[in-house]
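**Student:**
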RNA sequence: GCGCUCUUAGCUCAGCUGGAUAGAGCAAUAGCCUUCUAAGCUAUAGGCCGCUGGUUCGAGUCCAGCAGGGCGCACCA
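Residue numbers (my numbering): 56 to 617.
Spelled out as structure tokens, the structure:
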């Protein structure tokens, strides 16, 4: 609806320009807002104030011209008035709202989806955890935010590729293999033979016993048979990586998070991408040798100091394959790429972008885009939770899903802006009370389903494709408010996707649930008045559908009974 | 010390790429179940938007400085 209002303004501006009543062209961007105060209409626009100076007219005078060209907006508006210093306030006609309600039914499960992305390709990389242990709570927030951003982008018309990048060959993985080997040989972490920087978690024992038992492991991107030989470090490495990848896959599946592409850091060495990048950076004159190492002059591109590319021991630092990886993304045709990461890795942003600029291969400066999430603190009964038996030092994603459930975990992880810190209160997430926003929203859906069960027993049902006049009796303030909120879903999806901010949709859902509960308490749906009953049933049918569509975009279920 | 980020009601947080009188939930207080799920609703109260300047018709929102919290600052990833 907001977009339709904006379109009305655009058209009016062009008409006014054609009639030579307004001169400035191009006009400032048309921004349509929703006033807090209902007296200011359903929507408002500040374009007259924005354009006033260039037009050399008073804002209210500009507004008057625009309004004249809008008229009643082809029946969309009941009134349209100038207010305050030059706002244009739009009052949408009730019939237009009723029409919008009918369109929700027509669109069905697709209601809320938009064509904004125009099927353009976008790639989202998230989680990207190395296979050295189970996914922890930080990965969990990354998984929830990244996955929801994918769903939001998909819902607003983008062609999304979900990608997971990991390192299966570096020093970390060697430490992993050595740790598993040590466990195979019965060496404990307090033993002096225990490897330096070894992984001490209990899960390493599981890997070693599975390896010794010659088990087979299948992950989403690997199939490995254990040799069982504790002296074969390469075999252990292969197996350990596959084993932990499978564990991560299982955790992610339990979280309903899926990927289209897995990219291995080692593949970038094997296919020559890393060497090619090093060569190109050198050819472009951005590298130099110093202290036995090869450096990249990232300071040319805004970094606060230059970075080592190749250590004196001959190995590349991690960010070289990172640059190669991102060029690879670019070459795959992703002119839009989003990386979701923990904010503790934010220093890589400047480095990767600098490397890409140094390649001088047509990549724009701000590419790729980043979404960084802040830390998560887990609380239980007012106390911070830190220890997990399995991992030794942190709370795993699996622990959380097992205890509070997938829906609540997902909702809690995304209900705050990514760049604000999150307190995850386990007790609250498990609570079945209105304090818990997940239950509050899901309960609204279940409650409506229950009404329909009751209505069915009394012989009522929501009409299929009623006429405008059938639902025109839905004109109390509560009913209209509910309809307006339903109609706002597509705009909310677009906003959330545009800003990579899933929490906007959780706030929308809470507001919608609140609006419904309020309506429910004030009005009886099933009554003697059969025309009103069926009209209200129709409204609730659309409400349930909208709740479900929005929850689905968040990857959260809409239970029919609670 | 440098970089990024955050600071809004007692608590947890929104505030829609600068808009009209700053919102919600919890906690507090007072109410609402013989009636479609009380896992719900209604009402009251609660504010120097960290501080100081600046930009303009207009600032919680943008800019600068200051204070405080978090995260980074490796020839780790």
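Ideal Cβ positions, reconstructed from N, Cα and C, are used throughout, including at glycine.
If I'm right that residue 548 touches residue 608 with Cβ under 8 Å, what's the distance once you round it to whole angstroms?
**Tutor:** 7 Å
**Student:** Could you check how far apart the C-beta atoms of residue 140 and residue 106 are, in whole angstroms? I think they sit under 8 Å.
**Tutor:** The Cβ separation is near 13 Å, so there is no contact.
**Student:** Taking the alpha helix (DSSP H) that residue 329 falls in, what are its first and last residues?
**Tutor:** Here the alpha helix (DSSP H) through residue 329 covers 328-338.
**Student:** Would you say the segment 141-153 touches the segment 566-586, given that touching needs at least three Cβ pairs under 8 Å?
**Tutor:** no
**Student:** Please confirm if the segment 181-193 is in contact with the segment 248-261, defined as three or more CB-CB distances below 8 Å between the two stretches.
**Tutor:** Remark: three or more beta-carbon pairs, one from each stretch, lie closer than 8 Å, so the segment 181-193 and the segment 248-261 are flagged as touching.
**Student:** In whole angstroms, what separates the C-alpha of residue 521 from that of residue 157?
**Tutor:** 8 Å
**Student:** Would you call the segment 375-387 in contact with the segment 315-331, where contact means no fewer than 3 C-beta pairs closer than 8 Å?
**Tutor:** yes
**Student:** Just list the beta strand (DSSP E) runs in the segment 474-543, keeping only unbroken ones of 3 residues or longer that don't cross its boundaries, in chain order.
**Tutor:** 477-480
**Student:** For residue 179, does the three-state DSSP call read helix, strand or coil?
**Tutor:** strand
**Student:** Could you pull the DSSP bridge partners for residue 217 from this structure?
**Tutor:** Residue pairing by DSSP places residue 217 opposite 179 in a beta bridge.
**Student:** At which residues does the alpha helix (DSSP H) containing residue 147 begin and terminate?
**Tutor:** From DSSP, residue 147 is part of no alpha helix (DSSP H) but of the beta strand (DSSP E) over 142-147.
**Student:** Quickly, what does DSSP pair residue 345 with across the bridge? List them, please.
**Tutor:** Residue pairing by DSSP places residue 345 opposite 348 in a beta bridge.
**Student:** Taking all protein chains shown into account, do 16 or more other C-beta atoms lie within 10 angstroms of the C-beta of residue 201, making it buried, or fewer, making it exposed?
**Tutor:** So residue 201 ends up on the buried side.
**Student:** Tell me whether residue 401 is buried or exposed, calling it buried when 16 or more other Cβ atoms sit within 10 Å of its Cβ.
**Tutor:** exposed
**Student:** Who are the near neighbours of residue 366 in its chain, counting only those whose CB is closer than 7 Å to its CB and skipping five residues on each side?
**Tutor:** Same-chain partners within the cutoff: 348, 372.
**Student:** Mark residue 120 as exposed unless 16 or more other C-beta atoms lie within 10 angstroms of its C-beta, in which case mark it buried.
**Tutor:** buried
**Student:** When you compare the CB positions of residue 180 and residue 394, do they come within less than 9 Å of one another, or not?
**Tutor:** Between residue 180 and residue 394, the C-beta spacing is below 9 Å.
**Student:** Could you spell out where the alpha helix (DSSP H) holding residue 293 opens and where it closes?
**Tutor:** 288-309
**Student:** Measuring straight from C-alpha to C-alpha, what distance separates residue 240 and residue 247?
**Tutor:** 13 Å
**Student:** CB-CB under 7 Å to residue 59, same chain, minus the five flanking residues each way: which ones, in chain order?
**Tutor:** Once the five neighbours on either side are set aside, the close Cβ partners of residue 59 are 131.
**Student:** Do the segment 551-571 and the segment 206-215 touch if we need at least three Cβ pairs shorter than 8 Å?
**Tutor:** yes
**Student:** How close, in whole Å, do the beta carbons of residue 389 and residue 176 come, if the pair is a contact with beta carbons under 8 Å?
**Tutor:** Residue 176 and residue 389 do touch by the CB rule: their CB atoms are close to 6 Å apart, below 8 Å.
**Student:** Starting from residue 563, trace the alpha helix (DSSP H) both ways and give me its first and last residue.
**Tutor:** 558-577
**Student:** To the nearest angstrom, how far is it from the Cα of residue 309 to the Cα of residue 461?
**Tutor:** A direct Cα-Cα distance of roughly 7 Å separates residue 309 from residue 461.
**Student:** So what does residue 396 bridge to, in DSSP terms?
**Tutor:** 427
**Student:** Identify every run of the alpha helix (DSSP H) within the segment 210-288, keeping only runs that are complete inside it and at least 4 residues long; order them along the chain.
**Tutor:** 226-239, 258-267
**Student:** Who are the near neighbours of residue 516 in its chain, counting only those whose CB is closer than 8 Å to its CB and skipping five residues on each side?
**Tutor:** 507, 510, 589, 592
**Student:** Please state the DSSP three-state secondary structure of residue 613.
**Tutor:** coil
**Student:** Could you compute how far the alpha carbon of residue 397 sits from the alpha carbon of residue 423?
**Tutor:** 16 Å
**Student:** Who are the Cβ neighbours of residue 577 in its own chain at under 7 Å, not counting the five residues just before and after it?
**Tutor:** 533
**Student:** Jot down the residue ranges of each uninterrupted beta strand (DSSP E) in the segment 84-119, minimum 3 residues, whole runs only, in chain order.
**Tutor:** 98-100
**Student:** How would you write the range of the alpha helix (DSSP H) that residue 137 sits in, first residue to last?
**Tutor:** No alpha helix (DSSP H) contains residue 137, which is instead part of the beta strand (DSSP E) from 132-138.
**Student:** Give the DSSP-derived three-state secondary structure of residue 317 in the structure shown.
**Tutor:** strand
**Student:** In whole angstroms, what separates the C-alpha of residue 319 from that of residue 458?
**Tutor:** C-alpha separation (whole angstroms): 32 Å.
**Student:** Which of the three DSSP states, helix, strand or coil, is assigned to residue 356?
**Tutor:** Three-state DSSP puts residue 356 in a helix.
**Student:** Please work out which residues of its chain come closer than 8 Å, Cβ to Cβ, to residue 214, disregarding the five sequence neighbours upstream and downstream, and give them in chain order.
**Tutor:** 172, 174, 175, 176, 177
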